[in-house]
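J.: Numbering (the working numbering), first residue to last: 35 to 156.
This is the structure, below, for whatever I ask next.
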């Protein structure tokens, strides 16, 4: 760990907050913005239609046939996966907000770095 002496922590805080957002973005990307996330969103929409009795789920139907599963069973597993992903998103955002608070109230540079390390390893 580097020791920095500074009276004005605001530039360091601003930099740390920007780094925090980058780190959070890296964790959020697979769940929100990746091609797989887009695919999962489409599967979730189809799963909700299946479970709502509406049908119209060509992607899930093809996957269910390939796996030898009933479409409704696959739809239920897609919804469960989406719920787990939502919980993961909530966890990342909760940790990000907590880390923002820690950075903003950090009394010295080492505390700012420690907050970032905790987010990265948490």
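For every residue, glycine included, the Cβ atom is placed at its ideal position computed from N, Cα and C.
Predicted model, so just to flag it, every value in this text is computed and none were measured.
(1) Can you check whether the CB of residue 71 is closer than 7 Å to the CB of residue 65?
(2) Can you give me the C-alpha to C-alpha distance between residue 111 and residue 155, rounded to a whole angstrom?
(3) Measure the Cβ-Cβ separation of residue 133 and residue 149 and say whether it is below 7 Å.
(4) Can you tell which of 55, 103, 152, 140 has the C-alpha that lies nearest to the C-alpha of residue 41?
(5) Residue 137 and residue 48 - do their beta-carbons sit closer together than 7 Å?
(6) Does DSSP put residue 117 in a helix, a strand or coil?
(7) Measuring CB to CB, does residue 78 end up less than 7 Å from residue 116?
(8) If you draw a straight line from the alpha carbon of residue 98 to that of residue 54, how long is it in whole angstroms?
T.: So, to answer that:
(1) Locating residue 65 in the chain shown gives position 31, counting from the first residue. Locating residue 71 in the chain shown gives position 37, counting from the first residue. Taking 7 Å as the Cβ cut-off, residue 65 and residue 71 qualify as a contacting pair.
(2) As a position in the chain shown, residue 111 is number 77, starting the count at 1. As a position in the chain shown, residue 155 is number 121, starting the count at 1. Rounded to the nearest angstrom, the two C-alpha atoms are 29 Å apart.
(3) By 1-based counting over the chain shown, the position of residue 133 is 99. By 1-based counting over the chain shown, the position of residue 149 is 115. For residue 133 and residue 149, yes; Cβs fall inside 7 Å.
(4) The sequence position of residue 41 within the chain shown is 7, counting from 1. If we check each option's Cα against that of residue 41, 140 comes out closest.
(5) Numbered from its first residue, the chain shown carries residue 48 at position 14. Numbered from its first residue, the chain shown carries residue 137 at position 103. Cβ distance not < 7 Å, so residue 48 and residue 137 don't count as in contact.
(6) Numbered from its first residue, the chain shown carries residue 117 at position 83. Residue state, collapsed to three classes: helix.
(7) In the chain shown, counting from the first residue as 1, residue 78 sits at position 44. In the chain shown, counting from the first residue as 1, residue 116 sits at position 82. Yes. Within cutoff.
(8) By one-based count along the chain shown, residue 98 stands at place 64. By one-based count along the chain shown, residue 54 stands at place 20. About 40 Å.
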